[in-house]
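Using my numbering, read the sequence shown as starting at 3 and increasing by one per residue.
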Amino acid sequence: MFAHYDLTDRASYRAMLEAHAEVLLRLEAQLDHCAELVIDDWSERKRTALLNEDRHDLGMVRLPIQGKAVIGHVTSTGVSTAPLESGRIRQLLNNEEPARQKAAIAGTLYVLEGSRLGGRFLARRLPPDFPRRYLDADQPADKWRKFLEKFDALLYQQALLDSAAEAAVEAFAAFERSGRKWLMKAK
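Structural data, given as structure tokens:
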């Protein structure tokens, strides 16, 4: 989806960052309350601050964040506190069954960590004067491997794998919806 943005065009890049902000910040805020159940370095993996700095460098409004909770996201019409289109992610992340909750957390983290890898490829398309902290977020090579090891260890039953997959599909869908919406606005 995000490969369709013209990342050499400032307006298109800004729209892509809006699309990411619309989903990423709220997912990270939800994970702030539970990610440590799955990974112990959650605070090092978050990219909200990087996205905020890139947005600021492009003359965009800083996203209002208070502590660990995102108050809302900024759109062209102002601050929105609307939830992710699908409340299903929140339900999955707050599952009362600990094993299923951890599986859903892992599925959501899989999408966010995978987007970090995809971002590195997109960053190569940016002009040298565009901010790239968010897309080119540095991470030691062993972090992805360690995450996958943890992911595999958690998903030892088909039902848990199903929970992780459902959360991942919901997260991917949220990014795709937002990406399509902002791509249309960029054209």
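Cβ coordinates follow ideal geometry from the N, Cα and C atoms, glycine included.
### Task
Please check the pair ALA5 and LYS183, which I expect to be a contact at CB under 8 Å, by giving their CB distance rounded to whole angstroms.
Actually they do not touch by this definition, with Cβ atoms about 16 Å apart.
### Cβ-based burial, TYR7 [other Cβ within 10 Å; buried from 16]
buried
### Message
Cutting at 6 Å between CB atoms, please list the residues of its own chain near THR50, excluding the five before and the five after it.
### Response
LEU27, GLU30
### First through last residue of the alpha helix (DSSP H) which encompasses PHE177
Residues 160 to 188.
### Task
Express the C-alpha separation of ALA166 and ASP56 in angstroms, rounding to a whole number.
Roughly 31 Å between the two C-alpha positions.
### Buried versus exposed call for THR10 [16 or more other C-beta atoms within 10 Å across all chains shown]
exposed
### ARG134 burial status per 10 Å Cβ neighbour count (16 or more: buried)
A buried status is given to ARG134, since no fewer than 16 other beta-carbon atoms sit within 10 Å of its beta-carbon.
### Query
Around the C-beta of MET186, are 16 or more other C-beta atoms found within 10 angstroms, so that it is buried, or is it exposed?
exposed
### Neighbour-count burial assignment, LYS104, 16 or more Cβ in a 10 Å radius
buried
### Task
Determine the burial state of ARG64: buried for a count of at least 16 other Cβ atoms within 10 Å of its Cβ, exposed for fewer.
exposed
### Query
Could you give the residue range of the alpha helix (DSSP H) that holds ALA105?
100 to 125
### Message
I need the DSSP call for PHE149, collapsed to helix, strand or coil.
### Response
helix
### Message
DSSP three-state label for TYR15, please.
### Response
helix
### Message
I want to know whether the stretch 88 to 103 touches the stretch 158 to 165 - three or more CB-CB distances under 8 Å.
### Response
yes
### Query
Taking the Cβ atom as the reference point for each residue, do GLY109 and ALA23 lie within a distance shorter than 9 Å?
no
### Task
Determine the closest residue to GLU115 out of LEU94, ARG90, ILE41, with distance taken between C-alpha atoms.
Distance from the Cα of GLU115 is smallest, within the candidate group LEU94, ARG90, ILE41, for ILE41.
### Message
Using only the alpha-carbon positions, how far apart do LYS189 and VAL25 sit?
### Response
21 Å
### Task
Leaving aside the five residues before and after LEU119 along the sequence, list all residues of the same chain whose C-beta is less than 8 Å from its C-beta, in chain order.
TRP146
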